[in-house]
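Chemist: Numbered by the working numbering, the letters in the sequence shown go through residues -6 to 234 in order. All C-beta atoms in this analysis are idealised placements derived from N, C-alpha and C, irrespective of residue type, glycine included. Just so it is clear, the structure is predicted and the values come from calculations on it, not from any experiment.
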Amino acid sequence: MRAPVTRRKLKRNNTLPFHTLRALKSFVIQHGVAWCTGFFLAPSPAKVRCDNPNNNTLQILTMSDAGLPAGWEVRHSTSKNLPYYFNASQQVSRWEPPQGTDTDKLKNYMARNHSASEIKPEPSAANGNEGKIRAAHLLVKHKDSRRPSSWREADITRTKEEAMTIILAHEQRIRSGQTTLGNLAVSESDCSSARKMGDLGYFGKGDMQKEFEDAAFNLKPGEISHVVETASGLHLIERIE
């Protein structure tokens, strides 16, 4: 059961001395917490929520279930439409989780808070996507992958054999009907497309690595590939359109 969120409300007086407000903001920056209109979050926040920015209260919201080290928080990139990791005191941002992250907590948090609830429609082939297909995938990386890190793990050390065991177990769950590729990708894929249930959108010939492209184009809509190996790692691919 998820631990309850602890909230403590402090009345915000419009006549508070400037040095008091400055001290509060200094505390926020020093402890790497997020400042938001109406309230700030206690150390190691999991997310920012402005439930009622017009409410004349200052709220402290304690939520550390993202599994990040002290000072780090999850933010959302509006340009990429993806979450990233930010340290306010160091003014550092990165796409991969920082060292010391509890990866189990992080993937559960991401599955709950930073993933689409369904694969959303994209422009059809009639809108400039002729000759292209749309697919989703689940990627499991290993230490010999081209870039052995991901949003789930800063340093991937598993062997290719271990990665194969993992992805074959995923394939078995999908084919048995226990889950779908998209739902599993949300927490288990080492690609940033996990936040979109593995959806890669439309792509054409020459856009992807050849092994991936060949497998994807050989699928019919609704079909799922067996394990496909590329320089990036091991994939399961589902053709959407």
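Given a cut-off of 8 Å on the beta-carbon distance, is the pair Ala129 and Ala178 in contact?
Modeler: Yes.
Chemist: DSSP three-state label for Asp183, please.
Modeler: DSSP places Asp183 in coil when its eight states are reduced to three.
Chemist: In chain order, what residues of the same chain have a beta carbon less than 8 Å from the beta carbon of Arg168, not counting five sequence neighbours either side?
Modeler: Excluding sequence neighbours, Arg168 sits near Ile217.
Chemist: Buried or exposed: Gln52, going by 16 or more other Cβ atoms within 10 Å of its Cβ?
Modeler: Note that Gln52 has pLDDT 32, beneath the 50 cutoff, so the model's placement of it is unreliable and the number below is only indicative. Per the 10 Å Cβ criterion, buried.
Chemist: With three or more C-beta pairs closer than 8 Å as the rule, is the region 148 to 156 touching the region 95 to 102?
Modeler: The region 95 to 102 is not in contact with the region 148 to 156.
Chemist: Looking at the structure shown, is Gly194 part of a helix, part of a strand, or coil, going by DSSP?
Modeler: Note: Gly194 maps to strand in three-state DSSP.
Chemist: Exposed or buried, Pro214, counting other C-beta atoms within 10 Å across all chains shown (16 or more means buried)?
Modeler: Exposed: under 16 other Cβ atoms inside 10 Å.
Chemist: Out of curiosity, what's the CA-to-CA distance linking Asn176 and Gly170?
Modeler: So the two alpha carbons sit approximately 12 Å from each other.
Chemist: Can you give me the start and stop residues for the alpha helix (DSSP H) that Glu164 sits inside?
Modeler: First-last of the alpha helix (DSSP H) with Glu164: 153 to 168.
Chemist: So, are the CB atoms of Gly226 and Asp192 less than 8 Å apart?
Modeler: Contact: no.
Chemist: Taking only the alpha-carbon atoms, compute the straight-line gap between Arg139 and Tyr77 and give it to the nearest angstrom.
Modeler: Their Cα atoms are separated by approximately 21 Å.
Chemist: Bridge partners for Thr173 per DSSP, in chain order?
Modeler: Answer is none; Thr173 lacks a bridge partner.
Chemist: Between the alpha carbons of Lys198 and Glu231, how many angstroms are there, rounded?
Modeler: Roughly 17 Å separates the two Cα atoms.
Chemist: Between Ala156 and the rest of its own chain, which residues show a CB-CB distance below 6 Å, the 5 nearest in sequence each way excluded?
Modeler: Hits under 6 Å: Val133, His135, Leu227.
Chemist: For Arg145, which of helix, strand or coil comes out of DSSP?
Modeler: In the structure shown, Arg145 sits in coil (DSSP, three-state: anything other than H, G, I, E or B).
Chemist: Can you give me the Cβ contacts of Leu174 inside the same chain, cut-off strictly under 7 Å, excluding the 5 residues immediately before and after it?
Modeler: Same-chain partners within the cutoff: Ala129, Leu131, Ile167, Gly191, Ile217, Leu229, Glu231.
Chemist: Evaluate Val67 with the Cβ neighbour count: other Cβ atoms within 10 Å of its Cβ, from every protein chain shown; 16 or more gives buried, anything less gives exposed.
Modeler: It is buried - the Cβ of Val67 has at least 16 other Cβ atoms within 10 Å.
Chemist: What separation, rounded to the nearest whole angstrom, lies between the Cα atoms of Ser185 and Ser142?
Modeler: Rounded to the nearest angstrom, the two C-alpha atoms are 11 Å apart.
Chemist: Excluding the five sequence neighbours on either side, which residues of its own chain have a C-beta within less than 6 Å of the C-beta of Ala187, listed in chain order?
Modeler: Here the set comprises Ala178, Val179.
Chemist: Looking at the structure shown, is Glu66 part of a helix, part of a strand, or coil, going by DSSP?
Modeler: If DSSP states are grouped into helix, strand and coil, Glu66 belongs with the strands.
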